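A.B. asks: Be aware that the sequence shown starts at 59, since it is given in this note's numbering, and climbs by one per residue.
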Amino acid sequence: MHIQVVKSKIHRVTVTGADLNYIGSITIDEALLEAANIIEGEKVSIVNINNGERFDTYAIIGERNSGIITLNGPAARKVQKDDIIIIISYATMEFEEAKTFKPWIVFPNEKDNSLT
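(1) Could you tell me how far apart the beta carbons of G75 and K139 are, in whole angstroms, since I believe they sit closer than 8 Å?
(2) Can you name, in chain order, every residue of its own chain whose Cβ lies under 6 Å from the Cβ of I68, other than the five neighbours on each side?
(3) For a test of the three-state rule: what should DSSP assign to T174, helix, strand or coil?
(4) Keeping to the same chain, check which residues put their C-beta closer than 8 Å to that of D77; ignore five residues upstream and five downstream.
(5) Near W162, what residues of its chain come up, given a Cβ to Cβ distance below 6 Å and the 5 sequence neighbours on each side ignored?
(6) How is L91 classed by DSSP in three states: helix, strand or coil?
(7) Which of helix, strand or coil does DSSP assign to G75?
(8) In chain order, what residues of the same chain have a beta carbon less than 8 Å from the beta carbon of E126, not counting five sequence neighbours either side?
(9) In the structure shown, what three-state DSSP assignment does R135 receive?
If you want it as structure tokens, here you go:
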């Protein structure tokens, strides 16, 4: 039996922008992506702490150490600049493997989205 479990989580980052006219996705600082073990194009779920919105999109790489967290395309309607969000990705694995799997969880600084 296969189940889905949390693979990666960037917990409580601040949205730095929303670009409705971009083709879609979420732009995430490359340093945050690496720390959370999320790759470009990977499906991610977004949870908006400010308004309760939950939706899926995919990750694209933003400038390293820039703190950028920008929702693009239709997802831009679900957030506002300065909202606090959680970014989550999931993996499908065997039930027994899932029992011992440890996800990558990152707790950035909410003020500037840095890892320090």
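In this text, a Cβ means the ideal position worked out from N, Cα and C, and glycines have one as well. Keep in mind the model is a prediction, meaning the values are calculated, not measured.
C.D. replies: A quick look at the data gives this:
(1) Indeed, because the Cβ distance is near 6 Å, the residues count as touching under 8 Å.
(2) Non-local C-beta neighbours of I68 in its own chain, meaning closer than 6 Å and more than five positions away in sequence, comprise L90, A94, I145 and V164, ordered along the chain.
(3) In the three-state DSSP reduction, T174 falls in the coil class, being neither helix nor strand.
(4) Excluding sequence neighbours, D77 sits near T128, L129, N130, G131 and A134.
(5) Cβ neighbours of W162 beyond the five flanking positions: S66, A94 and N95.
(6) Secondary structure at L91: helix, using DSSP grouped into helix, strand and coil.
(7) Note: G75 maps to strand in three-state DSSP.
(8) It should be noted that the sequence gives Ile, not Glu, for residue 126. The residues are T74, G75, T85, I86, D87, G120 and N171.
(9) In this structure, R135 counts as helix in the three-state DSSP scheme.
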